[in-house]
Every structure is written in C-alpha cells, then in structure tokens.
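Residue numbers (full-length UniProt numbering): 1 to 102.
C-beta: ideal position from N, C-alpha, C; glycine also.
Fair warning: this is a prediction, and the values are worked out from it, not measured in the lab.
Some notes on the structure that comes next.
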C-alpha cells in the first residue's frame, strides 16, 4: 500500500493543476463540456482526498496528531469548496447563455 502522505501530496498537486486551469478560464467562454469535465474531475478528486484522509487518520493515537492531520487537510478542502463555488458560477453563466440561445 502506498504511503498516505505521498498519495495526499499527489492529490494536492492535482488540485493545484485544476485550480490553475479553472481560474485561467474566462467565464464568458466556458462551455458545458468544460464545466462537466471539471465537475467530474473535482468530484473524483474530492472522493480520493476523503479516502486518503481516512488513511491518514487511522494510525492517529491521540487528539494532538488528529489535529495536525486536520490542519493539513482543511486548507485543501477549502480550495475544493472554492472550486466548487467557481464551477457553480460557471453553471449559472452557461445556463444564461443556453437560455438566450433558445
């Protein structure tokens, strides 16, 4: 089994790449395909991070160690929430464009 710390580090790298890609998009040029692709990827990454979070918590013997793990993962979860909010903005904007086309 892979070291959960290394797995978590890899997921943080993926999150950084998604964050950069999403923030580089101009909201007026985003397509439904862009939205669906990033939404699927973020949901998958969120699930993987939750899984590795459980792996990181499993060997924790006391609350102090648990607090350290949570302190490391909470900023990552905040970044995911920010990206989900950005994708919600995309969905709203795309919905407006789609309703104008009809």
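Residue i versus residue j - alpha carbon distance
i: residue 55; j: residue 86; result: 29 Å
i: residue 62; j: residue 37; result: 40 Å
i: residue 65; j: residue 11; result: 21 Å
i: residue 18; j: residue 92; result: 20 Å
i: residue 67; j: residue 24; result: 34 Å
Contact check, residue i vs residue j, beta carbons under 8 Å
i: residue 83; j: residue 42; result: yes
i: residue 32; j: residue 73; result: no
i: residue 46; j: residue 22; result: no
i: residue 15; j: residue 76; result: yes
Rounded distance between the beta-carbons of residue j and residue i, thought under 8 Å
i: residue 69; j: residue 60; result: 6 Å
Option nearest residue i by Cα separation, candidates the options
i: residue 109; options: 29, 48, 17, 20; result: Past the edges of the chain, shown from 1 to 102, lies residue 109, and the structure says nothing about it.
i: residue 35; options: 20, 89, 3; result: 89
Burial state of residue i, where buried means 16 or more other Cβ atoms lie within 10 Å
i: residue 30; result: buried
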